[in-house]
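In our numbering, the protein residues as written are 151 to 549.
Note that beta-carbon positions come from the ideal geometry of N, C-alpha and C, so glycine has one too.
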Ligand SMILES: Cc1cc2nc3c(=O)[nH]c(=O)nc-3n(C[C@H](O)[C@H](O)[C@H](O)COP(=O)(O)OP(=O)(O)OC[C@H]3O[C@@H](n4cnc5c(N)ncnc54)[C@H](O)[C@@H]3O)c2cc1C
């Protein structure tokens with residue numbers, strides 16, 4: 151026989167064990183509190199339903215505007231000019247409630263706005279960044295192809311051919327988040343003449359650009375991923391990212407967004423932990439809350455250890471980012487390590503819930519599934535390991 155019950159006067163559930171939030175200013179804390187309130191009141195109540203139907207809650211996009219967080223770590227062009235520490239904690243907070251919603255935010259504000267911010271001309275930034283910062287225009291980022299994922303740096307098969315004032319794009323892109331509805335998709339393609347990778351701003355409705363929703367995902371089901379087919383898709387030279395000359399420039403964007411994904415991994419395990427802790431307090435077995443069993447406490451403390459280790463690692467990484475000192479290998483180590491720990495933690499949380507751990511309504515199952523996608527996108531553990539391995543040994547072991 152088993153049952154559940156509420157137990158009064160318990161310690162506050164708080165996954166910020168080492169008080170990393172205390173590093174924020176009062177103003178930053180207020181922004182983060184608004185993000186938390188938005189995620190808890192607007193997203194949390196509806197997200198399981200959207201996740202199960204693989205739909206995106208478009209009605210929430212306009213409400214994001216009021217939070218003032220679009221491109222928050224960029225300077226100028228309608229962006230708030232905040233720190234990477236603040237942006238990282240926003241990513242963590244979002245993922246703590248829903249990794250899919252965090253991914254929507256990361257693709258838009260990180261990958262897409264980030265490509266324009268780091269590789270666009272002033273004119274391109276002026277045109278796109280202010281409305282994107284207000285979430286009036288939504289962005290996507292197309293690098294991965296059906297046949298080329300990890301090997302994107304040297305293996306893109308999407309071709310760009312110059313024809314007077316336009317470029318003609320041909321090829322396919324797979325997994326492109328937000329692309330079914332985005333106003334602008336950054337497409338990375340190989341220039342046929344120079345063999346270098348260039349970036350193109352492809353606007354919604356451009357002839358020759360078709361984005362089909364990918365169905366039947368078992369993770370991040372709220373994210374609308376697309377298979378894009380480009381067939382003689384013409385893009386003006388004015389819409390080529392003017393400061394993207396080779397894959398090295400694409401890599402600058404990925405360095406920044408990999409750090410963001412590592413923050414998602416922190417948030418994902420934090421969400422699973424907090425649900426698991428609450429569950430452990432209310433779930434009764436053998437006549438007492440399972441929170442009182444040593445082996446259950448062991449699971450909780452393992453999770454908290456992983457969360458605290460990754461939070462403090464990420465805080466330091468964001469400080470390096472703010473000082474302009476973060477290198478590829480720093481971001482890669484964080485992405486690889488935090489996603490490994492995330493996968494471990496969500497597994498513990500699921501274990502703690504017993505059979506209920508696989509029920510969507512108990513929330514933890516969603517984090518378990520979503521952790522799988524976070525583990526592999528923005529560079530798999532293997533690829534990020536190879537980046538760090540090369541940096542510390544001086545030997546490249548990619549192929
Ligand atoms: C939910 C989701 C959202 C995504 N969103 C986007 C997006 O918005 N835009 C975008 O461009 N892409 C996106 N991606 C693509 C993502 O970045 C790729 O899935 C990822 O880079 C891995 O590529 P792949 O899936 O083709 O795997 P593959 O490259 O085929 O790798 C398969 C396996 O082989 C391993 N492997 C490959 N090469 C080596 C090697 N040299 N040594 C050792 N092991 C190796 C990998 O680590 C992996 O385990 C998304 C993916 C997912 C799942």
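Q: Run the CB neighbour count on residue 301, radius 10 Å, all protein chains shown included, and call it buried at 16 or more, exposed below.
A: On the chain shown, residue 301 is found 151 positions in, with the first residue counted as 1. Exposed: under 16 other Cβ atoms inside 10 Å.
Q.
Do residue 343 and residue 321 count as a contact pair if the criterion is CB distance below 8 Å?
A. As a position in the chain shown, residue 321 is number 171, starting the count at 1. As a position in the chain shown, residue 343 is number 193, starting the count at 1. Contact flag unset, no.
Q) Which class does residue 490 belong to by DSSP, given the choice of helix, strand or coil? A) Here residue 490 corresponds to residue number 340 of the chain shown, with the count starting at 1. Helix at residue 490.
**Q.** Other residues of its chain near residue 379: CB distance less than 6 Å, five sequence neighbours each side excluded
**A.** Looking up residue 379 in the chain shown gives position 229. Within the same chain, residue 379 has close Cβ partners 322 and 360.
Q | Rounded straight-line distance, which links the Cα of residue 163 to that of residue 516 | A | Within the chain shown, the letter at position 366 stands for residue 516. Within the chain shown, the letter at position 13 stands for residue 163. Going from the Cα of residue 516 to the Cα of residue 163 covers about 20 Å.
Q: For residue 364, I'd like the list of residues in its chain whose CB is within less than 8 Å of its CB, leaving aside the five on either flank, ordered along the chain.
A: Sequence index remark: in the chain shown, residue 364 carries index 214 (1-based). Taken in chain order, the residues that qualify are 324, 325, 375, 376 and 377.
Q. Taking three-plus beta-carbon pairs below 8 Å as touching, is the stretch 229 to 243 in contact with the stretch 389 to 403?
A. no
Q. Is any heavy atom in ligand 1 found nearer than 7 Å to the beta carbon of residue 533?
A. On the chain shown, position 383 is the one that residue 533 refers to. Checking every heavy atom of ligand 1 against the Cβ of residue 533, one is found closer than 7 Å.
Q) Which residues does DSSP pair with residue 352 in a beta bridge? A) Locating residue 352 in the chain shown gives position 202, where the first residue counts as 1. For residue 352, which the question treats as bridged, DSSP gives the partners 335.
Q: Give me the Cα-Cα distance between residue 154 and residue 441, rounded to the nearest whole angstrom.
A: Here residue 154 is taken as the residue at index 4 of the chain shown, counted from 1. Here residue 441 is taken as the residue at index 291 of the chain shown, counted from 1. In this predicted model, residue 154 has a pLDDT of only 48, less than 50, meaning its place in the structure is not dependable; the value taken from the coordinates is given anyway. When rounded, the distance between both Cα atoms is 12 Å.
Q | CA-to-CA distance, residue 498 to residue 351, given in whole angstroms | A | As a working note, residue 351 is residue 201 in the chain shown. As a working note, residue 498 is residue 348 in the chain shown. When rounded, the distance between both Cα atoms is 42 Å.
(Q) Looking at residue 411: is its Cβ nearer than 8 Å to the Cβ of residue 527? (A) The sequence position of residue 411 within the chain shown is 261, counting from 1. The sequence position of residue 527 within the chain shown is 377, counting from 1. Closer than 8 Å, so yes.
Q: List the residues that DSSP assigns as beta-bridge partners of residue 383.
A: Within the chain shown, the letter at position 233 stands for residue 383. According to DSSP, residue 383 bridges with 319.
**Q.** Contact belief for residue 482 with residue 408 at Cβ below 8 Å, rounded distance in angstroms
**A.** Mapped onto the chain shown, residue 482 falls at position 332. Mapped onto the chain shown, residue 408 falls at position 258. The Cβ separation is near 6 Å, so the contact holds.
Q. Given residue 539, which residues of its chain have a CB within under 7 Å of its CB, disregarding the five upstream and five downstream residues?
A. As a first step, residue 539 is located in the chain shown; it is residue number 389 there, counting from the start. These residues qualify, in order along the chain: 547.
Q. Cβ of residue 231 versus every heavy atom of ligand 1: is any distance shorter than 7 Å?
A. By 1-based counting over the chain shown, the position of residue 231 is 81. Result no, Cβ not under 7 Å from ligand 1.
Q: Spatial neighbours of residue 373 within its chain, please: CB distance less than 7 Å, with the 5 preceding and 5 following residues excluded, ordered by chain position.
A: For the purposes of this step, residue 373 is identified with residue 223 of the chain shown, where counting begins at 1. 250, 253, 254 and 327.
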